[in-house]
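The sequence shown begins at 0 in numbering that gives the first Met the number 0 and counts up one residue at a time.
To start, the structure under review is shown below, and the notes come after it.
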Amino acid sequence: MPTTMKEDYYQILGVERTASEVEIKSAFRRQAMKYHPDRNPGNKEAEEQFKKVNEAFSVLSDPQKKQVYDQYGHEGLNGAGGFGGFNANGFGDIGDIFGSMFGDIFGGGFRRSGKPRAQRGEDLKLDVTLTLEEAFAGKEVPVEYTRLDNCTACDGSGAAPGSARKTCRSCNGSGTVTYSQGFFSMRQVCPDCGGRGTVVEKPCSSCRGSGTKHVKENITVKVPSGVRSGITLRVSNGGDIGTNGGGFGDLYVEVRVAEHKIFQRAGDDLVLDATISYPQAVLGGSIKVPTIEGKEIEVNIPKGTQFGEVLKVQGNGMPKLGKKGFGDLLINVKIDVPKRPTARQKELLEELAKELGGKKSFFKELFGK
């Protein structure tokens, strides 16, 4: 019978013969994920390719075998080089590679410990909305939400009163089971006990054996002064309860500051539009403007103030979050131009135009007459 020509190991992994150890491992990860049986159920071609990928990696990841293969090819591995061919048990660090690579995909990955792993509870997130005044002063915000906690009826065991949890027969208390496919085996979370290593024969009627229940929580979240939209506060252990003693997750509270009808925010500064008369712009004077604290302050208008000029009042903005001091109040100046001036106003403006050397037609364009 004719001898079947085996595929080149470098071609199987899709790397050059000069590939480094890191490049070989990286290529193996890509190919293994692509052809893994759990990702291709019932696909015989993928299963065969997966075996080829593992065989190629077992050789190219071993410096001695790689050297023999590079010199003598497949024949060297079959005896000429003294290695006795491919052995599925010679994978070296393949378990470590698959442990990190497939852990999230297939649930749990490889674990060397025979004890169920403690798993921290899920984090939770909610939003709170404050007014700008509340963001300025800071506020203790009452929050009500629902999270998972231990069932009080069974104290989190899941077992009915008078009974107890027993070792899971499927995994013998390890919390994991091993699946074998040919020469390759993979450890996964036990589907019967969910990774806890124990099961209940008489489930708690309150939580139906889960050991957890949804409970309402009422807490107060302290929002610091100067907070901005998008800032997220963490409440330690405010999330769901974990499994196997893994503890609680955290609660994340995202703050939103509502828009204000008068002030706009620019970082730690507050921006306010203020309209002055034309004589005030020319001659100067003062105006009163509100502050975020609900007070009024007097602001000086310099002579010759132009439309769109910004006046700054230091220290009347928002508190600097986590720092000392305040931002500034920025006053965006607008000049009031009368749309329907009286006859006397037009007369005075025309005299002013002559005095300034302007043209009468300017006021005609401005007022329409």
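A virtual CB, placed ideally from N, CA and C, is assigned to each residue, including glycine.
Nothing here was measured: the structure is a model prediction, and the numbers come from that model.
query	result
Rounded separation between Gly-208 and Arg-29 - CA only	40 Å
Residue of Leu-59, Ile-240 and Gly-120 minimising C-alpha distance to Glu-22	Leu-59
Residue from Pro-141, Gly-283, Thr-211 and Asp-249 with nearest C-alpha to Thr-219	Pro-141
Sequence-distant residues of the same chain with beta carbon closer than 7 Å to Ser-285, five excluded per side	Glu-297, Val-298, Asn-299 and Ile-300
Proximity of Gly-157 and Pro-223 at Cβ, strictly below 8 Å	no
Same chain only: Cβ atoms within 7 Å of Gly-128, ignoring 5 sequence neighbours per side	Inspection of the sequence shows that residue 128 is occupied by Thr rather than by Gly. Excluding positions up to five away in sequence, the list reads Arg-255 and Ala-257.
Cβ neighbour criterion (16 or more within 10 Å) applied to Ala-163	exposed
Where Ile-11 falls, given that 16 or more other Cβ within 10 Å makes a residue buried	buried
Contact between the segment 235-254 and the segment 265-284 (3+ Cβ pairs under 8 Å)	no
Leu-12 - DSSP class collapsed to helix/strand/coil	helix
Cβ-Cβ distance between Tyr-144 and Glu-253 below 8 Å	no
Glu-375 versus Asp-191 - alpha carbon distance	Only positions 0 to 368 of the chain appear in the structure, and residue 375 is not among them; the question remains open.
Contact check, Glu-308 vs Val-332, beta carbons under 8 Å	yes
Buried or exposed (CB count within 10 angstroms, at least 16 for buried), Ile-330	buried
Which of helix, strand or coil DSSP assigns to Glu-297	strand
Arg-164 in three-state terms, based on DSSP	strand
Straight-line gap, Gly-155 to Pro-36 (C-alpha atoms, nearest Å)	37 Å
Buried or exposed by the 16-neighbour rule on C-beta atoms within 10 Å, applied to Gln-63	exposed
CB of Ala-18 within 8 Å of CB of Tyr-34, strictly	no
Reduced DSSP category for Ala-370 - H, G, I as helix; E, B as strand; rest coil	Residue 370 is absent from the model: the chain starts at 0 and stops at 368.
Other residues of its chain near Val-214: CB distance less than 6 Å, five sequence neighbours each side excluded	Asp-148
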